[in-house]
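If you count the sequence shown from 1, position 740 lands on 740 in full-length UniProt numbering, and the numbers rise without skipping. Here a beta-carbon is modelled for each residue, glycine too, at the ideal position from N, C-alpha and C. These numbers come from a predicted model, not from an experiment.
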Amino acid sequence: MAKSPDPLEKYNAKRDFAKTAEPAGKVAPGKGHRFMVQKHDATRLHWDFRLEIDGVLKSWAVTRGPSLDPDEKRLAVRTEDHPLSYADFEGTIPKGQYGGGTVMLWDDGSWAPIEGKSAKDLEKGHLHFTLDGERMKGEWLLIRLKPRGREKNENWLLRKIDDQYAGATDALVETALTSVKTGRTMQEIAEGVKPASKPSSRRKPGSQAARATARDPGVRRGDGKNPEFRKPQLATLVDTVPTGNQWLHEVKYDGYRALLSLGAGGPKIYTRTGLDWTDRFPGIAEAAANLPGPALIDGEIVAFKDGKPDFSTLQDALSGGGEGLTMFAFDLLEADGEDLSKLPQLARKERLRALLDGVDARIQFSEHVLGAGEKLFETMCREGYEGVVSKRADAPYRGTRTRAWLKTKCIRRQEFVILGWSPSSAKGRGFKSLLLGLNGPEGLVYAGRVGTGFSMETLQDLRERFDKIAAKQPAAEVPRAEARGAHWVKPQLVAEVAFSEFTADNVVRHASFLGLREDKQAREVVAEKPVAAPEPAQSAIRISSRERVIFPGDDLTKGDLADYYLAVAPIALPWLANRPISLVRCPQGRARACFFQKHDAGSFGEQVHHVDVREKDGSLEPYLYIDDADGIMACVQMGTIEFHGWGSLVADIEKPDRLVFDLDPDEGLDFEAVKKAAADLKDHLADIGLTSWPLLSGGKGVHVVVPLAPRAEWPEARSFCERFARALSEAEPERFTANLKKASRKGKIFIDYLRNQRGSTAVLPYVARAREGAPVAAPVTWTELRDIDSPRHFTIRDAAALLERATSRALQGWGVADQTLPDV
């Protein structure tokens with residue numbers, strides 16, 4: 001009988017196990033559907049994608065790493081099968097051995113073929129499957145390519161399917177920089193640094209290291225006290241979706257409002273009225289235990305039916321123990337002891353996105369669109385959703401009902417107080433209909449009845465509740481015809497009801513019962529009457545001399561600049577607001593005398609504020625800052641073109657929240673050299689565990705932006721940046737210099753690290769430059785940067801494109817990461 005071929009024969013033949021620490025290849029019984037990815041810096045950096053099938057690891061080398069972009073097809077070269085024991089390998093393969101180089105366990109989890117498919121589909125040249133890893137999640141596809149010519153390799157394509165886990169092209173490989181096993185960087189693995197007993201605080205919250213901390217019973221998540229409950233912000237009902245770029249729009253979820261408090265005391269889940277319902281949402285509480293704290297998150301808890309949030313299904317889930325629920329988080333009120341409520345809405349959401357990134361699918365970030373709310377509303381109504389919530393992108397958080405948050409509903413629905421019930425003639429049916437009420441200026445008033453939408457279980461449950469709160473008289477005056485034969489209850493229960501409209505007598509028409517609202521008090525329930533949506537946002541600041549040309553040769557005026565800044569204010573304020581700034585003022589236009597101003601001389605008006613900063617000589621100086629669109633416009637009215645910001649916020653100016661490496665090329669060096677330098681800096685930063693993003697400066701070069709959690713102080717930040725810049729310039733002295741002197745820059749790129757010290761500034765995202773063509777500083781991705789031919793690629797004429805880009809998949813999460821300075 002012929003001996004079965006050994007699937008690991010090729011693996012074993014390529015390795016000398018006396019020299020490499022890799023495990024010898026033995027076919028083992030399968031343990032399930034494990035998958036893993038190993039980042040492998042060999043002859044060429046690549047990511048080895050492996051699936052457990054038939055007792056071995058089927059393997060592909062993905063040359064540029066997995067991409068979350070469904071439009072991106074990544075080449076995956078089939079390699080030899082590996083043993084299951086290889087799944088946990090991390091370390092260094094000696095030079096001269098096959099695959100010599102550093103290996104990191106980059107992702108780990110389970111896989112499964114989608115329904116109706118199986119692993120045997122690989123033999124047919126395709127595999128459609130789902131992943132549940134630390135980093136790779138959702139649906140994926142592997143497709144084998146037909147061989148061309150004399151190709152020896154078996155080439156496949158790895159592609160993400162468009163689902164809730166899809167994202168930017170290179171988001172995974174550029175932000176996931178540490179081992180999911182040990183929390184180490186590639187450099188630390190190469191240097192043989194032993195894994196820390198307690199994972200480093202500079203790891204991203206979505207990393208295995210952070211989650212390992214959460215699971216370790218000896219380590220408590222959150223170093224600080226849980227934030228206290230605070231009253232949530234409520235939305236005003238309007239008749240149409242507001243228009244204009246000042247609004248961001250979210251799906252209106254059909255669930256229970258919840259505030260999630262994280263800290264040393266463990267997760268706490270509060271209702272909108274402050275009730276502690278942690279025990280009623282055990283799955284959400286378990287997921288929240290993986291999040292870093294302290295923090296206070298605002299959101300909505302929902303249950304899904306047919307792929308959409310459904311309130312009745314949520315009620316059933318709560319009755320059954322509260323499992324299988326999802327929280328959509330849409331605001332971050334506090335983080336690490338910092339009150340974020342005064343930050344612009346969009347800035348708070350970006351901080352929230354970073355905190356939730358990849359941690360647990362049961363707590364999802366609530367995505368939004370900027371502008372184009374009418375289109376979203378039409379889509380949501382067509383798909384059967386409740387409606388849309390619109391929020392002023394530049395507004396702070398206020399714990400009351402405001403016009404900065406608006407809600408537009410596809411159908412009318414709201415809460416009503418249950419006054420009583422009418423008996424049914426049908427045997428076994430608990431009642432025929434409910435009589436409803438609303439609170440008015442003089443107490444409860446009758447608001448009609450609802451007789452549909454009840455399941456048999458609901459009918460029985462409500463009857464049992466009614467018997468316990470029976471009353472002899474109605475709590476409101478009810479018309480005689482409606483009251484005939486009715487039974488009354490104390491006004492304690494609140495029903496959620498959908499209806500077509502209120503009649504002239506203020507009673508509901510075509511009503512349908514959706515469920516009880518146990519999170520709302522009967523005394524709070526009033527009629528919601530939609531008001532007119534506000535007109536497109538306008539600045540309260542009047543711009544004079546709008547026709548004055550301030551960009552000569554480009555025919556662009558002060559009015560054009562003001563219109564640009566008003567349009568992009570929602571996406572600029574997350575970077576510009578509440579940060580000490582210096583202004584470049586050019587009252588007569590960019591070609592005339594321009595000057596810097598950083599202190600408040602009292603000439604800007606109440607929209608521009610100041611923070612007192614102690615100088616080296618001990619004196620206090622008033623530094624400028626703004627916190628809304630009117631502040632921007634007040635500066636533009638006073639001749640401002642450029643805004644440059646500190647690397648810290650006014651709330652704690654001594655602790656930077658970002659670093660900037662400004663790559664300033666010598667005259668004669670082209671932009672290709674700058675782009676190559678920026679990409680190299682990105683790689684060097686990644687080696688030590690820091691994620692970075694490129695910003696087109698609108699001037700001569702590129703800024704490499706490194707966000708930080710504000711923990712280190714300025715001296716530490718400056719020291720790190722100087723050592724980093726000098727190390728690069730010493731390693732490649734023909735390309736780089738860290739010397740400020742002009743004479744040392746001949747033919748080189750100056751790595752300007754001096755912007756990373758107390759009082760220094762750098763141009764901020766979306767800021768116009770006082771240069772020919774009216775360019776702007778614009779965020780781009782590392783992938784995009786490869787094909788951009790100028791740091792002045794975008795101008796103030798591109799406001800619409802910049803707005804569209806800002807909320808695109810490509811720029812999702814740009815410039816946001818929870819990381820701290822490494823110990824180097």
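Limits of the unbroken alpha helix (DSSP H) element including residue 717: Annotation for residue 717: the continuous alpha helix (DSSP H) segment containing it runs 714-731.
Whole-Å CB distance - residue 790 paired with residue 596, under 8 angstroms assumed: Contact doesn't hold; Cβ gap of about 25 angstroms is too wide.
Residue 446, enclosing beta strand (DSSP E) - first and last residue: For residue 446, the enclosing beta strand (DSSP E) has its first and last residue at 443-450.
Segment limits, beta strand (DSSP E) that includes residue 10: Element bounds for residue 10: not the beta strand (DSSP E) but the alpha helix (DSSP H), 9-13.
Alpha-carbon to alpha-carbon, residue 78 and residue 150: Between residue 150 and residue 78, the C-alpha separation is close to 16 angstroms.
Nearest to residue 268 (by Cα), restricted to the options 165, 25, 289 and 251: Of the candidates 165, 25, 289 and 251, the one whose C-alpha sits nearest the C-alpha of residue 268 is 289.
Sub-8 angstroms separation of residue 418 and residue 434 beta-carbons: The Cβ-Cβ distance between residue 418 and residue 434 falls below 8 angstroms.
The alpha helix (DSSP H) enclosing residue 391, as first and last residue numbers: No alpha helix (DSSP H) holds residue 391; the beta strand (DSSP E) holding it covers 387-392.
Residue 814 burial status per 10 Å Cβ neighbour count (16 or more: buried): It counts as buried.
Residue 566 in three-state terms, based on DSSP: Three-state DSSP puts residue 566 in a helix.
Runs of beta strand (DSSP E) wholly within the UniProt domain "ATP-dependent DNA ligase family profile" (327-409) (minimum 3 residues, chain order): Given a length threshold of 3 residues, each whole run of the beta strand (DSSP E) inside the UniProt domain "ATP-dependent DNA ligase family profile" (327-409) is given here in chain order: 363-365, 387-392 and 401-409.
Boundaries of the alpha helix (DSSP H) in which residue 228 is found, first to last residue: Annotation for residue 228: no alpha helix (DSSP H) segment contains it, and DSSP assigns it neither H nor E.
Contact the segment 43-50 vs the segment 123-132: 3+ CB pairs below 8 angstroms: Fewer than three pairs of CB atoms, one per stretch, sit closer than 8 angstroms, so the segment 43-50 makes no contact with the segment 123-132.
CB contact flag (residue 857, residue 755, <8 angstroms): The question about residue 857 has no answer here: the residues shown for the chain are numbered 1 through 824.
Beta-carbon contacts of residue 557 that lie in its chain and below 7 angstroms, excluding the five residues immediately before and after: Excluding sequence positions up to five before and after residue 557, its CB lies within less than 7 angstroms of the CB of 546, 547, 548, 549 and 550, all in the same chain and listed in chain order.
Span separating the alpha-carbon of residue 18 from that of residue 367: Annotation: residue 18 to residue 367 spans about 52 angstroms, alpha carbon to alpha carbon.
Cβ neighbours of residue 774 in the same chain (closer than 7 angstroms, five flanking residues each side left out): Within its own chain, the residues whose Cβ lies closer than 7 angstroms to the Cβ of residue 774, once the five positions on either side in sequence are excluded, are 551, 554, 556, 768, 795 and 796, listed in chain order.
Option in 487, 481 and 460 with minimal Cα separation from residue 473: Looking at the Cα atoms, 487 is the closest of the given residues.
Unbroken beta strand (DSSP E) run spanning residue 414, endpoints: Bounds of the beta strand (DSSP E) holding residue 414 are 412-422.
C-alpha distance - residue 140 paired with residue 161, whole-angstrom precision: In a straight line, the C-alpha of residue 140 is about 5 angstroms away from that of residue 161.
Cβ-based neighbour list, residue 585, same chain, cut-off 7 angstroms, excluding 5 preceding and 5 following: Closer than 7 angstroms at the Cβ level, and outside the excluded window around residue 585, lie 594, 595, 597, 638, 639 and 640.
Residue 301 - containing alpha helix (DSSP H), residue span: Unbroken run through residue 301 is the beta strand (DSSP E), 295-302; no alpha helix (DSSP H).
Straight-line gap, residue 188 to residue 688 (C-alpha atoms, nearest Å): Looking at the two C-alpha atoms, the distance is approximately 8 angstroms.
Nearest-angstrom Cα separation, counted from residue 176 out to residue 837: Residue 837 is absent from the structure shown; the chain starts at 1 and stops at 824.
Status (buried if at least 16 other CB within 10 Å, exposed otherwise) for residue 326: By the 16-neighbour rule on beta-carbons within 10 angstroms, residue 326 is buried.
Range of the contiguous alpha helix (DSSP H) that encloses residue 637: Note, residue 637: alpha helix (DSSP H), 629-637.
Exposure of residue 785, with buried meaning 16 or more beta-carbon neighbours within 10 Å: Under this definition residue 785 is a buried residue.
Residue 283, enclosing alpha helix (DSSP H) - first and last residue: First-last of the alpha helix (DSSP H) with residue 283: 282-288.
Candidates 387, 489, 28 and 570, of which the one nearest residue 240 by Cα: Checked all of 387, 489, 28 and 570; the closest Cα to residue 240 is 387.
Pairwise C-alpha distance: residue 578 and residue 572: Distance between the alpha carbons of residue 572 and residue 578 is about 12 angstroms.
Close beta carbons around residue 182, own chain, < 6 angstroms, minus the five adjacent residues each side: Exclusion of the five residues before and after residue 182 leaves 195 as the residues of its chain whose Cβ lies within less than 6 angstroms of its Cβ.
Simplified DSSP assignment, three categories, for residue 702: Strand.
Secondary structure of residue 574, DSSP reduced to three states: Reduced to three states, the DSSP call for residue 574 is helix.
Residue 129 (DSSP reduced to helix, strand or coil): DSSP, read as helix, strand or coil, puts residue 129 in strand.
At least three beta-carbon pairs within less than 8 angstroms, the segment 441-452 to the segment 504-522: Of all C-beta pairs linking the segment 441-452 to the segment 504-522, three or more are shorter than 8 angstroms, placing the two stretches in contact.
Three-state class that DSSP yields for residue 146 in the structure shown: If DSSP states are grouped into helix, strand and coil, residue 146 belongs with coil.
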